[in-house]
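Here is the structure we will look at.
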Amino acid sequence: MFIKPFVSHILLLVVCCGVSYADETMHLKAIESVGGKVSRVVGGREVSFHLGRRKVSDADLLHVAALGDVVILNLKRTGISSEGLSSISEMKELRKLHLELTQVSDEGLIHLLGLKHLAYLNLYGTKVSDIGLRQLQELDSLTHLYVWQTRVTQKGVDEILAVRPTLKVVLGIDLDLIRIPDPNAPQQRPKISLAFVAANNVEDAPRSGNGENIEVVFENRSQQTVKLVWIGYDGKPKLYGEIGAGKSRVQNSYENNTWLITDVNNEALGYFICGAERAVAVIPKR
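Note that my numbering has the sequence shown beginning at 124, numbered continuously upward.
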C-alpha cells in the first residue's frame with residue numbers, strides 16, 4: 124500500500140542526500156537482528172545474510188544501503204526476489220554481489236545497471252535467462268559472471284561475449300575459471316589452518332560439498348613433489364597441478380570442498396576439507 128513509496132523516500136534521504144534517520148549503530152544492529160554479519164574489508168564493508176535468517180526484506184537492505192560503503196554483499200539462499208533488488212541499486216560502491224539460489228529473475232537485473240564498480244556477479248541457481256544477460260551488457264565494470272544452473276544457454280553466453288569479449292562467463296563448475304578479481308585481496312599468509320587428514324587410499328577422501336567461494340594457500344613442507352587433486356561433487360578426482368617440495372600454490376576453491384594430496388605415483392597421502400574462510404593448508408613432512 125504505502126510501504127514501498129515510504130521505503131524509497133527514506134532510501135533517497137539516506138543515500139542521496141546524506142541525511143540519516145538513525146545513526147550507524149542502529150543500522151548495524153538492525154542488520155545483525157535479522158542474521159546479517161557486517162565485517163570490515165579493504166575498501167569498505169562486507170555484509171552477509173547467507174548464514175542467518177533466510178528472509179531478507181527491502182527494509183533490511185535499506186539498512187545496508189545506509190552504511191554507504193558496502194563493497195561485498197552476500198544474499199545467497201535468502202528470500203530476496205527481483206523486486207527486492209531495487210534497494211541494491213543505491214549501493215554505488217558494490218564490487219561483488221552473491222545472489223546464488225535466490226528467486227531473482229531477468230526483471231531484477233535492471234536494478235544492477237547503475238553499479239559502476241560491480242566486478243563479480245554470482246547468479247548460480249537463479250531464474251535468469253539469456254534475456255537478462257543482454258541487459259548486463261551495459262555493465263562495463265563486470266569481469267566475472269557466474270550463471271551455472273540457470274536458464275542461460277550457450278547462445279546467450281556467446282551473445283554477451285560478442286559485446287564484452289573479456290568477460291569471464293561460467294556456465295558450469297570450473298575452479299580454474301571462477302577466481303574472483305580483487306585488487307585488494309590479502310597477500311599475507313592466512314591465519315586459519317586446515318586440518319590435514321592422513322589417508323592411504325584415494326577413496327578415503329569424501330566428495331566435495333557446496334559452499335562459499337574461498338581461497339586456499341597450499342604449502343608443501345614435505346620433501347617430495349605432490350599432486351593436488353580436487354574431489355568432485357560426484358566423488359570423482361580431478362588433477363589440478365603439482366606442488367614441488369618446499370613450494371606453495373594459491374588455489375581457488377569453495378567451502379566444504381575436498382582436496383586430496385597424492386605423491387607423483389598417485390598414492391594417497393591425505394586430504395583437506397575447506398572451511399568458510401581463506402585458509403592455509405600445510406602438507407606435512409613424512
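Even glycine gets a Cβ: it sits at the ideal position worked out from N, Cα and C.
Assign residue i to one of three DSSP states: helix, strand, or coil.
| i | result |
| --- | --- |
| THR148 | helix |
| GLY279 | helix |
| ARG200 | coil |
| GLY167 | strand |
| GLU342 | strand |
| GLN374 | strand |
| ARG274 | strand |
| GLU365 | strand |
| PHE395 | strand |
| LEU265 | coil |
| HIS240 | coil |
| ILE233 | helix |
Quick one: residues in its chain with C-beta nearer than 7 Å to the C-beta of residue i, no 5 flanking neighbours on either side, listed in chain order?
| i | result |
| --- | --- |
| VAL405 | SER316, PHE319, GLU342, ARG344 |
| VAL489 | Nothing about residue 489 can be read from this structure; the chain reaches only from 124 to 409. |
| LEU151 | VAL161 |
| PRO313 | VAL340, ARG401, ALA402, VAL403 |
Between the C-alpha atoms of residue i and residue j, what's the straight-line distance to the nearest angstrom?
| i | j | result |
| --- | --- | --- |
| ASP181 | VAL373 | 38 Å |
| GLY279 | LYS199 | 24 Å |
| SER228 | CYS397 | 31 Å |
| ASP327 | ASN379 | 16 Å |
| THR249 | ASN197 | 14 Å |
| SER410 | LEU185 | Nothing can be reported for residue 410: it is not among the residues displayed for the chain, which extend from 124 to 409. |
What residues in its chain sit with their C-beta under 8 Å from that of residue i, if we drop five residues either side in the sequence?
| i | result |
| --- | --- |
| ASN323 | ALA391 |
| MET124 | Residue placement at MET124 cannot be trusted, given a pLDDT of 43 that sits under 50; what the coordinates show is reported in the next sentence. Answer for MET124: no residue qualifies. |
| THR289 | THR266 |
Out of the options, which one is the CA nearest neighbour of residue i?
| i | options | result |
| --- | --- | --- |
| GLY413 | ASP183, MET149, VAL403 | No answer is possible for residue 413: it lies beyond the span of the chain, which begins at 124 and ends at 409. |
| ASN276 | VAL349, VAL292, LEU238, ASN375 | For the sequence presented, residue 276 should be read as Thr rather than Asn. Minimum Cα distance to THR276 is reached at VAL292. |
| HIS234 | ILE396, GLU261, SER156 | GLU261 |
| ASN389 | SER264, TYR363, GLY398, LYS370 | TYR363 |
| VAL387 | VAL286, VAL349, LEU290 | VAL349 |
Report all residues from its chain with a CB closer than 6 Å to the CB of residue i; omit the five preceding and five following residues, and keep chain order.
| i | result |
| --- | --- |
| GLY231 | SER205, LEU208 |
| ILE384 | VAL349, LEU392, GLY393, ILE406 |
| LEU236 | GLU261 |
| GLY255 | ASP229, LEU232 |
Assuming residue i and residue j are in contact, meaning their beta carbons sit under 8 Å apart, how far apart are those beta carbons, in whole angstroms?
| i | j | result |
| --- | --- | --- |
| ILE366 | LEU351 | 6 Å |
| THR201 | VAL179 | 4 Å |
| LEU244 | LEU220 | 5 Å |
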